[in-house]
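Enquirer: Please read through the structure below; I'll follow up with questions.
Protein chains: 2
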Amino acid sequence: MTGDTATNRQILLDHLPQGRLDESSFRAQEVARPEPGPGQVLVRTRYLSIDAANRAWMQGATYRDALAGGDVMAGGSLSEVVTSNDAVTLNEAGLVPGDIVESDHGWQEWAAVPAKRLTKVDVRGELSHHMSVLGVTGLTAYVGLLQIGRPVAGETVLVSAAAGAVGNVVVQLARIAGCKVIGVAGSPEKCAWLVDELGCDAAVSYREPSFFKALKAVCPDGVDVYFDNTGGTILGAALSLMNLGGRIVCCGVVSQYDTSNPEPGPRGVPGLIVTKRLRVEGFIVMDGWDDHPERCTEATDALADGSLKAFEDVVEGLDAAPGALVDLRAGGNVGKRLVHVS
Amino acid sequence: MTGDTATNRQILLDHLPQGRLDESSFRAQEVARPEPGPGQVLVRTRYLSIDAANRAWMQGATYRDALAGGDVMAGGSLSEVVTSNDAVTLNEAGLVPGDIVESDHGWQEWAAVPAKRLTKVDVRGELSHHMSVLGVTGLTAYVGLLQIGRPVAGETVLVSAAAGAVGNVVVQLARIAGCKVIGVAGSPEKCAWLVDELGCDAAVSYREPSFFKALKAVCPDGVDVYFDNTGGTILGAALSLMNLGGRIVCCGVVSQYDTSNPEPGPRGVPGLIVTKRLRVEGFIVMDGWDDHPERCTEATDALADGSLKAFEDVVEGLDAAPGALVDLRAGGNVGKRLVHVS
Chain S
334 MTGDTATNRQ ILLDHLPQGR LDESSFRAQE VARPEPGPGQ VLVRTRYLSI DAANRAWMQG
394 ATYRDALAGG DVMAGGSLSE VVTSNDAVTL NEAGLVPGDI VESDHGWQEW AAVPAKRLTK
454 VDVRGELSHH MSVLGVTGLT AYVGLLQIGR PVAGETVLVS AAAGAVGNVV VQLARIAGCK
514 VIGVAGSPEK CAWLVDELGC DAAVSYREPS FFKALKAVCP DGVDVYFDNT GGTILGAALS
574 LMNLGGRIVC CGVVSQYDTS NPEPGPRGVP GLIVTKRLRV EGFIVMDGWD DHPERCTEAT
634 DALADGSLKA FEDVVEGLDA APGALVDLRA GGNVGKRLVH VS
Chain F
334 MTGDTATNRQ ILLDHLPQGR LDESSFRAQE VARPEPGPGQ VLVRTRYLSI DAANRAWMQG
394 ATYRDALAGG DVMAGGSLSE VVTSNDAVTL NEAGLVPGDI VESDHGWQEW AAVPAKRLTK
454 VDVRGELSHH MSVLGVTGLT AYVGLLQIGR PVAGETVLVS AAAGAVGNVV VQLARIAGCK
514 VIGVAGSPEK CAWLVDELGC DAAVSYREPS FFKALKAVCP DGVDVYFDNT GGTILGAALS
574 LMNLGGRIVC CGVVSQYDTS NPEPGPRGVP GLIVTKRLRV EGFIVMDGWD DHPERCTEAT
634 DALADGSLKA FEDVVEGLDA APGALVDLRA GGNVGKRLVH VS
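From first to last, the protein sequence lines stand for chains S and F.
If you use the numbering used here, the first sequence corresponds to residues 334 to 675, in order.
If you use the numbering used here, the second sequence corresponds to residues 334 to 675, in order.
This is how it looks when you write it as C-alpha cells:
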C-alpha cells in the first residue's frame, strides 16, 4: 500500500450518457478517508473489475438499481480489510485485517462498508485470478455454459464476444467439454488470437461485410449451443444457424448498452424458437453461487495443470478506470479487464 | 358414410398465397378413388383439423416440408379404415376395417396411405374429442403448459389466443393447477366468453387501443408463465410484465403466418431475458407423445366429472374447409375448429 492514506480519491459518474459513452461522463474528486461506523469495515481497493455491465447500469434498473449522475461509479472490487469500528464487527464477519474481500463499493480508493456486504475471498495463487477465472467472471462462464447451455461432447458451441472476459473462459470450458467451438469477435487480430492462442476451431469477425455467410461456412453442422454476450445481429445470425433442440444462453447484450432505445429483437423471435424447439434462457451468476467453492477448486487445479489459462488485461491506477471502460466498450480488451488500484 | 364412393373429392392448394390468405388460393377437383397398393390402407376421412399451423406450412419448411401450389392441402384427419391391399398389411398394423386412425393425408375424402403412417385411435366417447381435448390439441396444451411452463399454484398464467383450440385447454389446465389465469383474445365477445364460460380471472382484447395498459392493470402481480400462441405485440407486452424467473412457452406465431416477411422480434429480446432470467422455450407436441395414453385417460376422467370441457366448432362438409381456415385466421372460431367430412 502506498500513497496518501488520509484522502479518498473517487471517480464519479458526473451525468448519465446519451448514446455512446465517453470519458466526459466521469469526473474525479477527493474527499476525506471515511471512518467506519457501527457494523462497518474500512477497506482499501486493490483491483476494480471493468465490465460491459457497468454501462448497462446507466440505462435503468437491472438486477441492481440504476445509476444516477453524481454517484460514485459502481463496480465490483477486490479489497483489503484495514480496520473496523470495533473488534466484534470483524469477529462476527470472520475477518481480520489483511483479509481480501469482494466489495461492491465502486470506483474509489477507500470505503466504509457494512460487514455483511463483504464476501471473504479464499485467495489461491494470484490475487487477480479471483477477478477472472476464479471469480465472478469464471463462474458466469461456468453457470451459463454448463448449467444453462448443457453442451454434449461433439456438439458445436458458438460464442460471441469470445475474446472477452467471460467469452474466453466459455471457449476454454467448451473445448474441455469436447465440443467444436466457434468464436465471434470484433477484429481479425482477435479472431487470430481465438484460433491460435485459445484453440477455437474457427473465428469470425462480426464486422466483416459477409459476416453471416462467413459464420455459416464455419458451422457446417449448425449450432447446438450459442453463448450470447451481445444480442443484436449476432443473435439473429445464430438463430438462423441453430439446430433442432438448440440452446441459447442469454448472458449479456453488449450490442445494446450504448443506447437508451434498444433496437427490435431478431426476426426469428419467436418463429424459429417454435419450429426449432429452442430453449433461450437468461441467468445471472448469483443463480450458481452455491457451486462457487467447488468450482474454484476445479479451476485452481485446471490452472495448475495448464488445461485452463487466465487471460487478464490489467490497467494501472484508479484514474485510468473511465478510459478502461470506454475502451472496453470499443472492443479494446482481450481477456478480463481489471484496474489495479493499490 | 354416404355419397359417391367411386370418386375422391380433393381440395388443392392452387397457389401459395402472398400476404393474407383467402379462398381463391384453393380449388376443388375430383379424381378416382385410390386403390391401396402394397402395404397401403384405404381410409375415408371423417374429420379434418383446421389449425393456424395450416397457414404456416405455406411459408416454408417447418417441422414438415413446405407446401407447394398444386398439392392436396395438408392437414390432420381422423379417418376410418376401409380396406387394404392385403390382410397381412392390416394384421401387421393391428388394424381392422372400421378402426379410427389419425392420418395426415390432407383435405380429401379418401386416401391410400402406408399403414406405418397411420396411428390407431382408442376411441373414448365422442369421436370429435380426439381432435380437441383428447387429441393433438389437448396434448399440445398439456405438454406446453405443464412440461415447459411448469406453473405453480398461485402463480399468474397469461394465455394468448385463449379462446382458440389450444388456448382454451391451456386456460382450463392452468385453473386446475391453481393459478390465476389471464386470457388475451381478439374481441370483447371472446373476452366475455373467457371470463364467463371458461373461468379466466380476467381477459383483454389485443385490439383495444390501450391494450398494454389494460393488460398491466389485470396483472398486478406480474406474469409467471406466458403461453404464447401469437408472437408479435402480445409477446412484447408479456416480456414487459414477466416476473423474475418467468417462463415463456413458445407454441405458435399466429400473428406472423400471413406474411412471407415476419416483423422484427420484440425490443426486450434478449435484454429482458437476461435481466429477468427468463426461460423462453419452443416445443412441438411430438416431444410429449410418450405421455399421450396416460394424458388421454386423465382427460377422459376430467371430461366425465365435468372439470374439463371440450369446446368444438364444427363446420360441415369438405368444401367448407377453405372458408373454415380463412375464417379461423380472422379469429372466427371459439374452441377447436373441425370440418366434418363423413
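Think of the CB as a built atom: it goes at the ideal place given N, C-alpha and C, for glycine as much as any other residue.
1. Go through the segment 413-489 of chain S residue by residue and report every complete run of the alpha helix (DSSP H) that reaches 4 residues or more, in order.
2. Check whether the segment 397-406 of chain F touches the segment 415-422 of chain F, counting contact only when three or more Cβ pairs, one atom from each stretch, lie closer than 8 Å.
3. Using a C-beta to C-beta distance shorter than 7 Å, which residues of chain S count as neighbours of residue 606 of chain F?
4. Specify the secondary structure class of residue 358 of chain F as computed by DSSP and reduced to three states.
5. For chain S, find out if any of its Cβ atoms is closer than 8 Å to the Cβ of residue 506 of chain F; answer yes or no.
6. Go ahead and label residue 595 of chain S buried or exposed: buried means 16 or more other beta carbons lie within 10 angstroms of its beta carbon, across all protein chains shown.
7. By a C-beta neighbour count over all protein chains shown, 10 Å radius and 16 as the cutoff for buried, is residue 366 of chain F buried or exposed?
8. Please confirm whether any heavy atom of the ligand ADP lies closer than 7 Å to the CB of residue 544 of chain S.
9. Which residues, in chain order, does the segment 662-674 of chain S contribute to contact with chain F at a C-beta distance below 7 Å?
10. Which same chain residues end up closer than 7 Å to residue 534 of chain F when comparing Cβ atoms and leaving out the 5 residues on each side of it in sequence?
11. Give the residues from the segment 436-465 of chain S that approach chain F closer than 8 Å (Cβ to any Cβ), ordered along the chain.
12. Where residue 346 of chain S and residue 654 of chain S are concerned, what is the direct C-alpha to C-alpha distance, given to the nearest angstrom?
13. At least one CB of chain S closer than 8 Å to the CB of residue 549 of chain F: is that the case?
14. Could you check where the alpha helix (DSSP H) with residue 560 of chain F kicks off and where it finishes?
15. What separation, rounded to the nearest whole angstrom, lies between the Cα atoms of residue 385 of chain F and residue 662 of chain F?
16. Suppose contacts are defined by Cβ-Cβ distances below 8 Å. Is residue 648 of chain F in contact with residue 657 of chain F by that definition?
17. Closer than 8 Å by C-beta to residue 335 of chain S: which residues in its own chain qualify, once you throw out the five before and the five after it? Chain order, please.
18. So residue 398 of chain F contacts chain S; which residues on that side make the cut at Cβ distance below 9 Å?
19. Less than 8 Å between CB atoms is the rule here; does residue 334 of chain F satisfy it with respect to chain S?
20. Please tell me whether residue 436 of chain F and residue 451 of chain F are closer than 8 Å, where the distance is taken between their beta carbons.
21. Can you find at least 3 beta carbon pairs, one from the segment 598-609 of chain F and one from the segment 632-641 of chain S, that sit closer than 8 Å?
22. Any Cβ of chain S within less than 8 Å of the Cβ of residue 349 of chain F?
23. For residue 394 of chain F, does the count of other Cβ atoms within 10 angstroms reach 16, so buried, or fall short, so exposed?
24. Measuring only between beta-carbons, confirm whether residue 595 of chain F sits less than 8 Å from chain S.
25. Would residue 584 of chain F and residue 499 of chain F be called neighbours here (beta carbons separated by less than 8 Å)?
26. Could you tell me which chain F residues have their CB closer than 7 Å to the CB of residue 586 of chain S, listed as they occur along the chain?
27. With 8 Å as the C-beta to C-beta threshold (strictly closer), list the residues of the segment 557-580 of chain S near chain F in chain order.
28. Name the chain A residues that come within less than 8 Å of residue 599 of chain F, Cβ to Cβ?
29. Compare the C-alpha of residue 389 of chain F against each of F:528, F:356 and F:408 and name the closest.
30. Give the interface partners of residue 610 of chain F over in chain S, defined as CB-CB distance under 9 Å, in chain order.
31. Have a look at residue 348 of chain F and residue 349 of chain S and give me their C-alpha separation to the nearest angstrom.
32. Going along chain S in order, which residues have a C-beta closer than 8 Å to the C-beta of residue 589 of chain F?
33. Looking at residue 620 of chain S: is its Cβ nearer than 8 Å to the Cβ of residue 610 of chain F?
34. How is the beta strand (DSSP E) around residue 378 of chain S delimited, first residue to last?
35. Looking at residue 525 of chain S and residue 544 of chain S, is the spacing between their C-beta atoms short of 8 Å?
Expert: Walking through what the data contain:
1. 420-426 and 469-475
2. no
3. Walking along the second sequence from the start, residue 606 of chain F turns up at place 273. In chain order: 583, 613 and 615.
4. Start at 1 with the first residue of the second sequence, and residue 358 of chain F comes out as number 25. Helix at residue 358 of chain F.
5. Indexing the second sequence from 1 puts residue 506 of chain F at position 173. No, residue 506 of chain F lies away from the interface with chain S (no Cβ there is under 8 Å from its Cβ).
6. Translated into the one-based positions of the first sequence, residue 595 of chain S becomes position 262. The residue in question, residue 595 of chain S, is buried, as its Cβ has 16 or more Cβ neighbours within 10 Å.
7. Looking up residue 366 of chain F in the second sequence gives position 33. Classification of residue 366 of chain F: buried, given that the 10 Å Cβ count is 16 or more.
8. The ligand ADP is absent from the structure shown, which contains no ligands of any kind.
9. none
10. Within the second sequence, residue 534 of chain F is the residue found at index 201, counting from 1. 513, 514 and 515.
11. none
12. For the purposes of this step, residue 346 of chain S is identified with residue 13 of the first sequence, where counting begins at 1. For the purposes of this step, residue 654 of chain S is identified with residue 321 of the first sequence, where counting begins at 1. Taking the straight line from one Cα to the other gives about 12 Å.
13. Here residue 549 of chain F corresponds to residue number 216 of the second sequence, with the count starting at 1. It does not: the Cβ of residue 549 of chain F has no partner Cβ on chain S nearer than 8 Å.
14. Along the second sequence, one-based indexing puts residue 560 of chain F at 227. First-last for residue 560 of chain F: 556-561, but that is the beta strand (DSSP E), not the alpha helix (DSSP H).
15. For the purposes of this step, residue 385 of chain F is taken as residue 52 along the second sequence, with counting starting at 1. For the purposes of this step, residue 662 of chain F is taken as residue 329 along the second sequence, with counting starting at 1. Looking at the two C-alpha atoms, the distance is approximately 7 Å.
16. Position 315 of the second sequence holds residue 648 of chain F. Position 324 of the second sequence holds residue 657 of chain F. It is a contact, given that the beta carbons lie within the stated cut-off.
17. Here residue 335 of chain S refers to the residue found at position 2 of the first sequence. In this prediction, residue 335 of chain S scores a pLDDT of 49, lower than 50, which makes its location untrustworthy; no coordinate-derived value is stated.
18. For the purposes of this step, residue 398 of chain F is identified with residue 65 of the second sequence, where counting begins at 1. Ordered by position in chain S, no residue passes the 9 Å Cβ test against residue 398 of chain F, which lies about 13 Å from the chain.
19. What you label residue 334 of chain F is simply residue 1 of the second sequence in a count that begins at 1. In this prediction, residue 334 of chain F has a pLDDT of 44, which is less than 50 and means its spatial position is unreliable; what the coordinates show is noted afterwards. No, residue 334 of chain F lies away from the interface with chain S (no Cβ there is under 8 Å from its Cβ).
20. As a first step, residue 436 of chain F must be located in the second sequence, where it is residue number 103. As a first step, residue 451 of chain F must be located in the second sequence, where it is residue number 118. Against a cut-off of 8 Å, the Cβ pair of residue 451 of chain F and residue 436 of chain F comes out as a contact.
21. no
22. Within the second sequence, residue 349 of chain F is the residue found at index 16, counting from 1. Chain S, which has no Cβ nearer than 8 Å to the Cβ of residue 349 of chain F, makes this no.
23. For this step, residue 394 of chain F is matched to residue 61 along the second sequence. Result: exposed.
24. Against the second sequence, residue 595 of chain F aligns to sequence position 262. So yes, residue 595 of chain F belongs to the interface.
25. In the second sequence, counting from the first residue as 1, residue 584 of chain F sits at position 251. In the second sequence, counting from the first residue as 1, residue 499 of chain F sits at position 166. Yes, the pair counts as a contact, with Cβ atoms nearer than the cut-off.
26. Counted from its first residue, the first sequence places residue 586 of chain S at position 253. Simply 603, 604 and 607.
27. 561, 564 and 568
28. No chain A appears in the structure shown, which is made up of the protein chains S and F.
29. Start at 1 with the first residue of the second sequence, and residue 389 of chain F comes out as number 56. For residue 389 of chain F, the nearest C-alpha among the options comes from F:408.
30. The sequence position of residue 610 of chain F within the second sequence is 277, counting from 1. The contacting residues are 396, 583, 614, 615, 616, 617 and 620.
31. One-based indexing of the second sequence puts residue 348 of chain F at position 15. One-based indexing of the first sequence puts residue 349 of chain S at position 16. One C-alpha to the other measures close to 55 Å.
32. On the second sequence, position 256 is the one that residue 589 of chain F refers to. In chain order: 604.
33. Residue mapping note: residue 620 of chain S aligns to position 287 of the first sequence, counting from 1. Residue mapping note: residue 610 of chain F aligns to position 277 of the second sequence, counting from 1. Yes, they are a contact pair.
34. For the purposes of this step, residue 378 of chain S is taken as the residue at position 45 of the first sequence. Its beta strand (DSSP E) spans residues 373-382.
35. On the first sequence, residue 544 of chain S is found 211 positions in, with the first residue counted as 1. On the first sequence, residue 525 of chain S is found 192 positions in, with the first residue counted as 1. No. Outside cutoff.
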